[in-house]
Amino acid sequence: MNIDFSLRKQIALALNESFGADITPDSLSLQPTRKEFTGTYTFVTFPFLKISKMKPEETGEIIGKYLKTDLEIVKDYNVVKGFLNLQVSDRAWIEAFSSIIHNENHGFRPSNGRRIMVEYSSPNTNKPLHLGHLRNNFLGFTVSTIYEALGYDVVKAQIINDRGIHICKSMVAWIKYGYGETPESTGVKGDKLVGKYYVAFEKQFREEVSALVNSGLTMEEAEKKAPIMLEAIEMLRKWEAREAETYALWETMNKWVYRGFEITYDHMGVTFDKLYYESDTYLSGKKIVQAGLDKGVFFKKEDGSVWIDLSADGLDEKLLLRSDGTAVYMTQDIGTAIERFMEFPDLEKLVYTVGNEQDYHFNVLFLILKKLGYSWADGCHHLSYGMVDLPSGKMKSREGTVVDADDLMDEMEQTAKQHTQDLGKIEGFNEAQAAKLYRMVGLGALKYFLLKVDPRKRMLFNPEESIQFQGNTGPFIQYTYARISALLRRAKETGIGLIMNEEASPGELHAHEREVIYLLTQFEDRINEAAGEYSPAVITQYIYDLAKEYNKFYQEVSIFGEQDEAKKQFRVSFSYAVARTIKSGMEFLGIEVPERM
RNA sequence: GGUCCAGUAGCUCAACUGGAUAGAGCAACAGCCUUCUAAGCUGUAGGUUCCAGGUUCGAGUCCUGGCUGGAUCACCA
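Printed below as a string of structure tokens:
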């Protein structure tokens, strides 16, 4: 039974019968009643005064009376100005709860046979992953699991930026200063080792540039003429010519990086179904240029370069092929998008999880695809997210202010360990169990912290203040789950089942119980909302509200002290439903929940 | 300069897509552990929602114009 829908259906009937309107339930919406008023659902009558031709109070009164008389689930109503507040009967709440508790898959829909692809992570291979990548990965992964919960077949993908000048820089520096170092010989994680040489390159490069500037060159000239940069450019040329030695080194160093990344991804708990490598795809899209020219969508300039004019759409001219015939980033993205839709013809959406610094790029990309006549272009979506800033501003690798992903995850676990030990919470845990808990809590805090903010907004991370464990945090939710788990263990010991009988009648509900059931009935709507907005923050907010409300109940209402067996049974069952929902929601976020903490 | 995004309590964030007196957490202060885990709960204090207009029964939310911060506009990726 869907209370929300039943109410809207009846309201539509009331409007139609009382005022001769022609309104469908779907066009109506209910909102939660503000807590200073009595009721759960509120219907705003202001928009319907034109139809009723009455005062707001009278209109609300008529609808309210209609509902109360004809609908069992409406216990009572009250009207304040244009707001009709509806109270739902406990019987209806219990029925609604019953259908939730008996649905093992509450929140998960069966497969719908539809397919989407979500691309995320997509790192460069010249340096380790950092805090920004964490936000990217957690966002992309979470959006994927949310769509999976809705029944979609989700292809989790990343395109690894394994070629280009950046990796050549690391290669040049490794040759010059590496003395044959390898991850094995140094014990350094592969991505860290390669990153070290990238930094070495930049250092040498800066020194050369400033020397050249001192000798009279402009900055621009100096950056082009610095000897080490010339070496990197030469390296790239050799790579493109597939010169054997260069290619072998490139493969070796990338392999180091991948092994390092694997460890990091594994720690993060994110996975991929499909890996694309830029070295395989960087030439794709060149073919499409001719097609675009034939269609008259693109045009060629005298020097042979190919462009598209988007000024009519409020954008600029955009280059698609250089005069020397080589492709640019945009060309490549056009090509790979087309290839993906060829690979998966039933793909309904293609979601790119990429920072908002590339908003313009994706506007242009999608627009070009549309102009080229691909109807699926409408299914492309840029999941654009804001940067993670430090109190000092942007993270700068050159200034050494980058927050490393591995380090941060380790620190979070250390902090979790500290907190747990301070609180003396691990009685009876063996070492492995304790380690597992620290990891759950530390990572949970980190993931929750990064996901609770609306993706579009930039967010601040203050390493000094470190991530909280109280209040609106991952550990708070985990803690709520652990407490309920303790209750459920006790219930099992005393022989109380977790799932109450259909006919069970706990009698009058506590206000907190009603509120929690209301939230439980909202779960699927919120999942839909999160998917539609590509916003895991909708889920974090929901679970937080649920946990918070449950904790109020926990504080005020005794379960095992309850004499009435039906009530006791209901409360156990009710707690179980909350735990299950918390667990599901956290699962979307990639956060595990502990049975004890 | 053009375009896009953001601006809400001291700090970090919400506000169900235009609804009631803008809510949480952190930090501060005051309470609650002999009773299911105090990583919890309750209370106090904290606001000209950047500014100025407009639209309407109603605006943090929509429109216009400013201000501030960020991004972007390369034959870079």
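Numbering (our numbering) for the first sequence: 739 to 1335. A virtual CB, placed ideally from N, CA and C, is assigned to each residue, including glycine. Computed from a predicted model, the values in this text were never measured in an experiment.
Of the choices ILE971, PHE1104, LEU1226, whose alpha-carbon is the least far from that of GLU1333?
Answer by Cα proximity: LEU1226.
From the DSSP output, read off the bridge partner residues of ASN862.
In DSSP, ASN862 forms a bridge with ASN899.
On the DSSP bridge list, what partners appear for TYR1217?
DSSP lists no partner for TYR1217.
At 3 residues or longer, what runs of the beta strand (DSSP E) sit wholly inside the segment 770-833?
The segment 770-833 contains these whole beta strand (DSSP E) runs: 779-782, 812-818, 821-826.
Straight-line Cα distance separating ILE1001 from ASN843:
Distance between the alpha carbons of ASN843 and ILE1001 is about 32 angstroms.
Can you find the residues in the same chain that come closer than 7 angstroms, C-beta to C-beta, to GLY889, ignoring five residues on each side of it along the sequence?
Excluding positions up to five away in sequence, the list reads ARG847, PRO848, SER849, ASN850.
Whole-angstrom C-beta distance between PHE786 and LEU824, which should lie under 8 angstroms:
Wrong, their Cβ atoms sit about 15 angstroms apart, outside the cutoff.
Near LYS793, which residues of its chain fall below 8 angstroms by C-beta distance, leaving aside the five closest residues on each side in sequence?
Counting only residues of its own chain and dropping the five nearest sequence neighbours on each side, LYS793 has a CB closer than 8 angstroms to the CB of LEU787.
Please tell me whether ILE1320 and ILE1281 are closer than 8 angstroms, where the distance is taken between their beta carbons.
ILE1281 is positioned such that its CB atom lies closer than 8 angstroms to that of ILE1320.
Would MET1125 pass as a contact of LYS1132 if the rule is Cβ separation under 8 angstroms?
In contact: MET1125 and LYS1132 (Cβ atoms closer than 8 angstroms).
Leaving aside the five residues before and after GLU1086 along the sequence, list all residues of the same chain whose C-beta is less than 7 angstroms from its C-beta, in chain order.
These residues qualify, in order along the chain: ARG852, ARG853, ILE854, GLY1117.
Backbone CA spacing between ALA759 and ILE789 [nearest angstrom]:
Their backbone Cα atoms lie some 7 angstroms apart in a straight line.
I'd like the span of the alpha helix (DSSP H) that includes VAL1027, first residue to last.
Its alpha helix (DSSP H) spans residues 1024-1033.
For a test of the three-state rule: what should DSSP assign to ILE1164, helix, strand or coil?
In the structure shown, ILE1164 sits in coil (DSSP, three-state: anything other than H, G, I, E or B).
Spatial distance of PHE1036 from LYS1024 (CA atoms):
Going from the Cα of PHE1036 to the Cα of LYS1024 covers about 13 angstroms.
Identify every run of the alpha helix (DSSP H) within the segment 890-941, keeping only runs that are complete inside it and at least 4 residues long; order them along the chain.
Here the runs fully enclosed are 903-915, 921-924.
On the CB-based measure, 16 or more other CB atoms within 10 Å of its CB, does GLN1216 come out buried or exposed?
Only buried fits GLN1216, as 16 or more other CB atoms lie within 10 angstroms of its CB.
Regarding TYR936 and the ligand NAP, is the C-beta to nearest heavy atom distance less than 7 angstroms?
The ligand NAP is not part of the structure shown, which contains no ligands of any sort.
Looking at ILE1106 and ILE1076, is the spacing between their C-beta atoms short of 8 angstroms?
In this structure, the beta-carbon distance from ILE1076 to ILE1106 does not fall below 8 angstroms.
Secondary structure of LYS1306, DSSP reduced to three states
Assignment of LYS1306 by DSSP, reduced to helix, strand and coil, places it in the helix class.
Roughly how many angstroms lie between the CA atoms of TYR917 and THR990, to the nearest whole one?
Annotation: TYR917 to THR990 spans about 15 angstroms, alpha carbon to alpha carbon.
What is the rounded straight-line gap between the Cα of ALA830 and the Cα of PRO1244?
If you draw a straight line from the Cα of ALA830 to the Cα of PRO1244, it comes to about 12 angstroms.
Same chain, Cβ closer than 6 angstroms to TYR1272, five either side skipped, listed in chain order
The residues are VAL881, LEU1121.
Buried or exposed: ALA982, going by 16 or more other Cβ atoms within 10 Å of its Cβ?
Under this definition ALA982 is an exposed residue.
Using only CA atoms, which one of ASP1011, GLN942, TYR985, ASP929 lies nearest to VAL893?
Answer by Cα proximity: ASP1011.
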